[in-house]
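In the working numbering, the protein residues as written are 1165 to 1378. In what follows, a single structure is set out as C-alpha cells and then discussed.
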Ligand code: ADP
Ligand code: 5GP
C-alpha cells in the first residue's frame, strides 16, 4: 500500500535539493511531476521537474477534473495530476509531492492519512542568500518570495514533521528517516492488511489443538 508524502517549503529553502537527494537514495518512491504554467528555469526539463503547459491547457485540465489539487502560487498555476497517486497505489510505491501550503491543505482533506513535511531554511538571511545564489530572479521577486515565506511558515503547525535545512547532508538523512518511519507506522493504511497476511500464516487455534491431541 502506498503512502502519500507531502513536502512544502518557502521557495529557496532547499526543498528541491532534498527531494532530489531522497529520490536518488530511495527506489520505492515516485515523484509527482506537477503541471505548471510558469516558464522553465535554468536546466529544468519538461516532464522531469515539471510538465510545462499553457494557461489554456491548464484550464482545460481543471475542467476535466485531472487534478487532485491545484493552486495559484505567485503569478502562476500549479497542479498535481491524479495519475501519480494512482500509479503509486497500482505499483505499491510511495508518492512524493512537492506542493505549496494551499495545495497541501486540499490534499489533506482528500487523503487524511498523507504524511506531511514542512522544510525551513535556518533564517530569513539564509533564505535570501539561497534565493540569490540560484541567480534566476530579480531583487523584486526575491522580496516577494521572502514576504510570501512569512505567510507560508504560518501554516507549519498543520504538518506532521518540521525539518530545518541547515546542513544539506543532515537534512537529507532526516528526510530519508521520515519516509522510512512513515512506512512502519501502525496507522499506515497498508499495515493492517500486512499484519493480517502474517496472521494467516499461523495455524488456527483449532489446528494447534488437533496437532497436540488436546
Ligand atoms: P527550493 O526548491 O526550496 O526553492 P532549492 O533546492 O532550489 O530550493 O535550493 C535553493 C538554493 O539553495 C540552491 O542553490 C541550493 O543549492 C541551495 N541549498 C539547498 N540546501 C542548502 C543548504 N542546506 N545549505 C546551503 N545551500 C543550500
Ligand atoms: P517553483 O516555481 O519555485 O518551482 O515553485 C513555486 C511553488 O509552487 C513551490 O512552493 C512549490 O512547492 C509549489 N508547487 C509546485 N508544484 C505544485 C503543485 O502541483 N501544486 C501546488 N499546489 N503547488 C505546487
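Beta carbons: idealized from backbone N, C-alpha and C, even for Gly. Quick caveat: nothing in here was measured; it's all calculated off a predicted structure.
Per-residue burial, residue i [other beta carbons within 10 Å of its own, 16 or more giving buried]
i, result
"residue 1233", "buried"
"residue 1366", "exposed"
"residue 1363", "exposed"
"residue 1345", "exposed"
"residue 1267", "buried"
"residue 1282", "buried"
Any non-hydrogen atom of ligand 2 closer than 7 Å to residue i Cβ
i, result
"residue 1230", "no"
"residue 1302", "no"
"residue 1239", "no"
"residue 1292", "no"
"residue 1250", "no"
Closer than 7 Å: residue i CB and nearest ligand 1 heavy atom
i, result
"residue 1335", "yes"
"residue 1200", "no"
Sequence-distant residues of its chain with Cβ nearer than 6 Å to residue i (five each side left out)
i, result
"residue 1328", "1284, 1286"
Cβ pair residue i, residue j closer than 8 Å
i, j, result
"residue 1230", "residue 1166", "no"
"residue 1260", "residue 1198", "no"
"residue 1306", "residue 1293", "no"
"residue 1182", "residue 1336", "yes"
"residue 1263", "residue 1324", "no"
Own chain, CB closer than 8 Å to residue i, minus 5 neighbours either side, in chain order
i, result
"residue 1240", "1200, 1201, 1202"
"residue 1212", "1197"
Beta-carbon proximity list for residue i, same chain, < 7 Å, skipping 5 on both sides
i, result
"residue 1270", "1233"
"residue 1208", "1214"
beta-carbon residue i near ligand 4 non-hydrogen atom, thresh 7 Å
i, result
"residue 1177", "Of the ligands this structure carries, namely ligand 1 and ligand 2, none is ligand 4."
Which runs of the beta strand (DSSP E), 3 residues or longer, sit entirely within the region 1304-1341?
Considered as a whole, the region 1304-1341 harbours 1325-1328 as its complete beta strand (DSSP E) runs of no fewer than 3 residues, in chain order.
Segments assigned alpha helix (DSSP H), at least 4 residues, entirely inside the region 1238-1314
Qualifying alpha helix (DSSP H) stretches, in chain order: 1246-1255, 1265-1274, 1288-1298.
Minimum length 3: unbroken beta strand (DSSP E) runs contained in the region 1194-1236:
The beta strand (DSSP E) runs lying completely inside the region 1194-1236 and spanning 3 residues or more are 1198-1200, 1214-1216, given in chain order.
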